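The structure under discussion appears below in the form of structure tokens.
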Amino acid sequence: MASSADVHVRICGQEIIKYDLEIKALIQDIRDCPGPQSTLLEFNSQVKDKFNHLRLRIQDLEQMAKEQDRETDRLTIQAETESQRKQMLSNQTAWRKANLACKLSIDNMEKDELLHGGDTGSTRQRKVTKESLVETSSNITESLMSISRMMAEQVNQSDDTIGTLAPPGQCWKPTRSLKT
Numbered sequence: 013m014a015s016s017a018d019v020h021v022r023i024c025g026q027e028i029i030k031y032d033l034e035i036k037a038l039i040q041d042i043r044d045c046p047g048p049q050s051t052l053l054e055f056n057s058q059v060k061d062k063f064n065h066l067r068l069r070i071q072d073l074e075q076m077a078k079e080q081d082r083e084t085d086r087l088t089i090q091a092e093t094e095s096q097r098k099q100m101l102s103n104q105t106a107w108r109k110a111n112l113a114c115k116l117s118i119d120n121m122e123k124d125e126l127l128h129g130g131d132t133g134s135t136r137q138r139k140v141t142k143e144s145l146v147e148t149s150s151n152i153t154e155s156l157m158s159i160s161r162m163m164a165e166q167v168n169q170s171d172d173t174i175g176t177l178a179p180p181g182q183c184w185k186p187t188r189s190l191k192t
């Protein structure tokens, strides 16, 4: 009859294989991803989550190897752990390559849209955004010019008031309070 430790090792191994296959499927989805960038980000988020689960299960398997009483069992589980680590590193490399290929494909597609005048929804939205920014900028400029004119008028009124209070030729002398 299989011991409890053997069952835990097998379950852990099966979970590692499950995560490995899920990661490979997601990597294939990334390779086939036509865009947009948000879809790629969603796939990457899922891959990161699966890698974290996989890493934890490999650590669990490594811990189970250390807890084995028989040397042969310990060495077998350690070898399996090392094999799974190498497979995880291989998957990480494949993930990076798939990401680069997908990003390059998305960039090329966006460049083609721009060069060929493709007026898609995103380009149209960018144009609308730029137009609204230009309009906002113009409104701000007009407001600043209006404020500048009002300040100039206020300065002129102040000059007129000073001219009325003090006839030309007289200087304003500041008043000083006498200290006693």
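In terms of this note's numbering, the sequence shown has 103 at position 91, counting the first letter as 1, and numbering is strictly consecutive. For each residue, glycine too, the CB sits at the ideal point set by N, CA and C. Everything numeric in this text was worked out from a predicted model, so none of it was measured.
* Pair within 7 Å by beta-carbon distance, Ala106 and Ile39 -> yes
* Alpha-carbon to alpha-carbon, Leu126 and Lys30 -> 42 Å
* Can you tell me the Cβ-Cβ gap for Ala110 and Arg67, rounded? I've got them flagged as a contact below 8 Å. => Wrong, their Cβ atoms sit about 19 Å apart, outside the cutoff.
* Go ahead and label Val146 buried or exposed: buried means 16 or more other beta carbons lie within 10 angstroms of its beta carbon, across all protein chains shown. => exposed
* Cutoff 7 Å; reference Met121; Cβ partners in own chain excluding five residues on either side -> Gly47
* **Per-residue burial, Ala164 [other beta carbons within 10 Å of its own, 16 or more giving buried]** => exposed
* In chain order, what residues of the same chain lie with their CB nearer than 8 Å to the CB of Thr93, ignoring the 5 residues before and after it? -> Ile70, Leu73, Glu74 and Ala77
* **Selection from Ser170, Gly175, Ile159 and Asp18 that minimises the alpha carbon distance to Lys85** => The displayed chain sequence assigns Asp, not Lys, to residue 85. The residue with the shortest Cα to Cα distance from Asp85 is Asp18.
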